[in-house]
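Visitor:
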Amino acid sequence: MNKFSRSAYALGTAARITKNVIGVTGIVMICVLTVLSIANHIDPNTVIGTELNIVDIGPLSIELMEEYTPDNDALLRYAWVYGVLYALIAAAVYVGLGYVQKILAPIAEGNPFHPETAVYLKKFAYVSLILGLINNVSEIIGTTVALRSFNLDKLLESDIIQSISVNYEIDLGFVIVFLVIMLMSYIFSYGAELQKLSDETL
89 MNKFSRSAYA
99 LGTAARITKN
109 VIGVTGIVMI
119 CVLTVLSIAN
129 HIDPNTVIGT
139 ELNIVDIGPL
149 SIELMEEYTP
159 DNDALLRYAW
169 VYGVLYALIA
179 AAVYVGLGYV
189 QKILAPIAEG
199 NPFHPETAVY
209 LKKFAYVSLI
219 LGLINNVSEI
229 IGTTVALRSF
239 NLDKLLESDI
249 IQSISVNYEI
259 DLGFVIVFLV
269 IMLMSYIFSY
279 GAELQKLSDE
289 TL
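Numbering-wise, this note's numbering comes out as the position in the sequence shown, counting from 1, plus 88.
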């Protein structure tokens, strides 16, 4: 039990630190995008990045001709879309880590079957489900916006390329994770009931 409590305390500390880092990163990202948007509004010729004509697709890097480099407005739209998607993911992770802290807190105090542990596990399961949905949707939205922002459809002007298509893959692994965590919540709920009966017997 001592080892279990120490491990729970260490994991809870790591969850708190990670949650704070994610929160600060999200705030800094939104602030940077806001400043860049204001600077671009004041002076459309503001340089907001370098090598903007290079598009990374997995391990491949496509370097576009300079005339096809996206302007600041297109680049900022692209950045804001990804910024909002990251903010949604970060918010879900932030909330999820908060529940992890609440789950680990009683374990660190030597009470693994706290009555509220099962409740927080259920909430954490739903957060993981939402996070999985956001990840799948963000991949579709991000790819579509990238195609339009970087004018990748212009590649069709080449005599070699006949068409460009995007193959979306939906990962349903998050559903399995959701079901496993829900099962754990029922196990902890049952353990809490047994603990309650044991305490009443004593």
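Beta carbons: idealized from backbone N, C-alpha and C, even for Gly.
No experiment lies behind these values; they were computed from the predicted model shown.
Could you check the C-alpha separation between residue 97 and residue 203 for me, to the nearest Å?
Guide: 19 angstroms
Visitor: Could you give the C-beta distance for residue 177 and residue 108, rounded to a whole number, given that I count them as a contact under 8 angstroms?
Guide: Not a contact, Cβ separation roughly 16 angstroms.
Visitor: Using a 10 Å radius around the Cβ and a threshold of 16 neighbouring Cβ atoms, would you call residue 195 buried or exposed?
Guide: buried
Visitor: For residue 93 versus residue 198, is the C-beta spacing smaller than 8 angstroms?
Guide: A contact, by the Cβ cut-off of 8 angstroms.
Visitor: Can you tell me the Cβ-Cβ gap for residue 277 and residue 206, rounded? I've got them flagged as a contact below 8 angstroms.
Guide: 4 angstroms
Visitor: Quick check on the burial criterion: 16 or more other C-beta atoms within 10 angstroms. Buried or exposed for residue 256?
Guide: exposed
Visitor: Does the beta-carbon of residue 220 have 16 or more other beta-carbons within 10 angstroms, so that it is buried, or is it exposed?
Guide: buried
Visitor: Is it true that the CB of residue 128 sits closer than 8 angstroms to the CB of residue 122?
Guide: no
Visitor: If the criterion is Cβ atoms closer than 8 angstroms, does the pair residue 179 and residue 237 meet it?
Guide: no
Visitor: Assign residue 191 to one of two classes, buried (16 or more other C-beta atoms within 10 Å of its C-beta) or exposed (fewer than that).
Guide: Burial call: buried.
Visitor: At what residue ranges does the stretch 167-213 contain a whole run of the beta strand (DSSP E), taking only runs of 3 or more?
Guide: none
Visitor: Quick one, are the C-beta atoms of residue 172 and residue 103 less than 8 angstroms apart?
Guide: The criterion of a C-beta distance shorter than 8 angstroms is not satisfied by residue 172 and residue 103.
Visitor: Taking Cβ to Cβ, would you say residue 170 is nearer than 8 angstroms to residue 230?
Guide: Taking C-beta atoms as the reference points, residue 170 and residue 230 count as a pair closer than 8 angstroms.
Visitor: Using the rule of at least 16 other Cβ atoms within 10 Å of the residue's Cβ for burial, across every protein chain shown, is residue 208 buried or exposed?
Guide: buried
Visitor: For residue 274 and residue 90, what's the separation of their Cα atoms in angstroms?
Guide: 24 angstroms
Visitor: Should residue 267 go down as buried or exposed, given a rule of 16 or more other Cβ atoms within 10 Å for buried?
Guide: When all chains shown are included, residue 267 counts as exposed.
Visitor: Relative to the C-alpha of residue 211, which candidate in 226, 232 and 182 has its C-alpha closest?
Guide: 182
Visitor: Here's a check: name, in chain order, each residue in its chain whose Cβ is nearer than 7 angstroms to the Cβ of residue 269, leaving out the five neighbours to either side.
Guide: Hits under 7 angstroms: 209, 212, 213 and 216.
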